[in-house]
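Numbers given in my numbering equal positions in the sequence shown, counted from 1, plus 46. Note that beta-carbon positions come from the ideal geometry of N, C-alpha and C, so glycine has one too. Predicted model only: the values in this text are computed from it and were never measured.
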Amino acid sequence: MTILVAGTGPAGLIAALALAHDGHVVALVGPPARRDDRRTTALMVPALALLDRIGVLKELQSAAAPLRTMRIVDATSRLVRSPVVTFRASEIDEDAFGLNIPNAALNPALEEVVRSHPAIDWLESIVAAWHPGSDRIEAKLEDGTRVSAKLAVAADGRLSPAREAAGIRTTAHSYPQTALVLNFAHSRDHEFISTEFHTETGPCTQVPLPGHRSSLVWVVNPVTAEQLLQLNDKALSERVEERLQSMLGRVTVEPGRQAYPLSATLPLRFARNRVALVGEAAHVFPPIGAQGLNLGIRDVQDLVEIAGRHRSDPGGPVALGAYDARRRPDILARSSAVNLLNRSLLSDLLPSQFARTAGLGIIGGFGPLRAFFMREGMRPGSGFANLFGTLREKVGRQ
Ligand SMILES: Cc1cc2nc3c(=O)[nH]c(=O)nc-3n(C[C@H](O)[C@H](O)[C@H](O)COP(=O)(O)OP(=O)(O)OC[C@H]3O[C@@H](n4cnc5c(N)ncnc54)[C@H](O)[C@@H]3O)c2cc1C
């Protein structure tokens, strides 16, 4: 039974591979994978386990760096500020939370494995029109080809034409923020620590790469982003070093900076009319705490599991109802947490400043709660299981 996957960003390529790996025949529609993406993606251990299963992790190891410690620094100049919060993977008995992988390595690695998979037929075109029916859904491609399937996986990004064709409405808004993305070399060792500086315009996050190199996602207002984009390398290196409080010593930015305007989109449903949403078709939010593609990979894992249980009709109402119910809590929890944190950074209102700093202060000062957030950040649900165990142990000891 063929499953149609629309979109060849990381979510679409991973969905095609994971479905094919589970015995489905896949028709994949989309252009060649992007090679000019300067972003890096921090993927947590469970997401890496899936990449390993579908045969792409090994090739990525040398381009990636482990994330052993994650730090949040309140770099606002506001009246109420939180203390530095540090999360160490060793506190939850892990060697690392995950790996930071350049998208310029991830996308081609995924493409190579997809192209060599015998159960995936990659049609290098774009879906021009969708026709959802009661038994099947049909896609008419720009080159005139027609593809029909019982299930269409919408991995076609934040504007998702497949989502629209399925009649799934969304709530959406844009933030007055742009993420400036670049990679840089530095004179001091990063010791595999990632630091997220919280500023009045959004987070500025340094994430380690192999050697004395790191990636940076610096969220600023659109006017500042434009100014930073125009600076020469020397001037920009100085600005980055200043923003990072010289914690990594001398900074030298590498060529190829990019800007990504920030927005949030949340569909009212995650599947309907033979279409299941994955990746940014299912959730868009600001890049805080490395959540986006990790969540997208969990979409894929749940979809594969449900499609496997409904092999005769993976796009029927029962399968899609199960998918919607399964994904809803995870997607809503992540989207609202990230959007709330982002808004609290932008807000000048004292109550929201108090809530953010008190929240971070409590998490930072209480080990079991810190461990809870670390585990939840990696595997939803596992934090609860361990938190109750740890608390019981503590109470038992008293
Ligand atoms: C600055 C920044 C930093 C980030 N860092 C992290 C991180 O550290 N960790 C993390 O987990 N996430 C991170 N994210 C989120 C992550 O980048 C996204 O979740 C991910 O790129 C989404 O991939 P996608 O495949 O869903 O969408 P996209 O990459 O947008 O792919 C959509 C695909 O659909 C195709 N398409 C569109 N229309 C059609 C059509 N009609 N027919 C066929 N194909 C179509 C497009 O050509 C494209 O190939 C970050 C995001 C940003 C902006």
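Heavy atom of ligand 1 within 7 Å of residue i beta-carbon
i	result
Thr87	yes
Glu237	no
Leu339	yes
Gly190	no
Arg289	no
Tyr306	yes
Arg204	yes
Val131	no
Glu157	no
Ala198	no
Gly490	No answer is possible for residue 490: it lies beyond the span of the chain, which begins at 47 and ends at 444.
Ile49	no
Thr245	no
Ile214	no
Pro92	no
Ile166	no
Thr270	no
Val286	no
Ala327	yes
Gly302	no
Ala336	yes
Proximal residues to residue i (C-beta, below 6 Å), its chain only, five neighbours per side dropped
i	result
Leu74	Val51, Ala62, Ile166, Trp168
Asp370	Arg315, Phe316, Ala317
His67	Ile100
Val227	Arg84, Arg85, Val263, Gln304
Ala365	Ile352, His356
Ile172	Glu188
Glu35	For the chain, the structure presents residues 47 to 444; residue 35 sits outside this window and is missing.
Cys250	Phe243, Trp264, Arg289
His70	Ile49
Cβ-based neighbour list, residue i, same chain, cut-off 8 Å, excluding 5 preceding and 5 following
i	result
Thr298	Phe230, Ala231, His232, Asp279, Ser283
Ala155	Val102, Glu105, Leu106
Gly179	Arg320
Arg81	Ala150, Asn153, Pro154
Leu277	Arg285
Phe238	Ala111, Pro112, Leu113, Arg114, Thr115, Ala142, Pro254
Member of the options whose CA lies at the smallest distance from the CA of residue i
i	options	result
Arg209	His329, Gly257, Arg99	His329
Pro256	Pro222, Ala151, Ala310, Asp345	Ala151
His258	Tyr306, Ala111, Leu97	Ala111
Val72	Phe331, Leu205, His163	His163
Met293	Gly69, Leu275, Val119	Val119
Ser206	Thr311, Asp98, Val350, Asp82	Thr311
Ala116	Ser123, Val91, Val131	Checking the displayed sequence, the identity of residue 116 turns out to be Met instead of Ala. Closest by alpha carbon: Val131.
Ser260	Thr87, Ser123, Gly69	Thr87
Pro222	Pro307, Ala201, Gln276, Ala379	Pro307
Gly362	Arg389, Pro77, Ile183	Ile183
Phe143	Ser108, Leu392, Leu323, Arg114	Arg114
His219	Arg389, Gln252, Met47	Arg389
Val350	Trp176, Ala64, Leu387, Leu89	Ala64
Ser123	Gly248, Thr270, Pro301, Ala271	Gly248
Leu378	Gly354, Leu391, Ala271, Phe331	Phe331
Same chain, Cβ closer than 7 Å to residue i, five either side skipped, listed in chain order
i	result
Ala174	Lys186, Leu187, Glu188
Asp235	His258
Asp348	Tyr369, Arg372, Arg373
Thr217	Leu312
Ala212	Pro178, Arg318, Asn319, Val321
Ala79	Thr54, Leu59, Asn153, Pro154, Leu156, Glu157
Coil, strand or helix - residue i by DSSP
i	result
Glu140	coil
Val91	helix
Met199	Strictly speaking, residue 199 in this sequence is Val, with Met absent from that position. Residue state, collapsed to three classes: strand.
Ile100	coil
Thr270	helix
Ala111	strand
Val286	helix
Leu314	coil
Pro301	coil
Arg374	helix
Gln347	helix
Pro154	helix
Ile334	coil
Neighbour flag for residue i against chain B, beta carbons, 8 Å
i	result
Ala379	Although the question refers to chain B, the structure presented lacks it and comprises just one protein chain.
heavy atom of ligand 2 below 7 Å from residue i C-beta
i	result
Val173	In the structure shown, ligand 2 is absent; the only ligands present are ligand 1.
- Decide yes or no for the touch test of the segment 178 to 197 against the segment 240 to 251: beta carbon pairs closer than 8 Å, at least 3 of them. no
- Contact between the segment 332 to 349 and the segment 367 to 385: three or more CB pairs below 8 Å? yes
- Would you say the segment 265 to 272 touches the segment 337 to 351, given that touching needs at least three Cβ pairs under 8 Å? no
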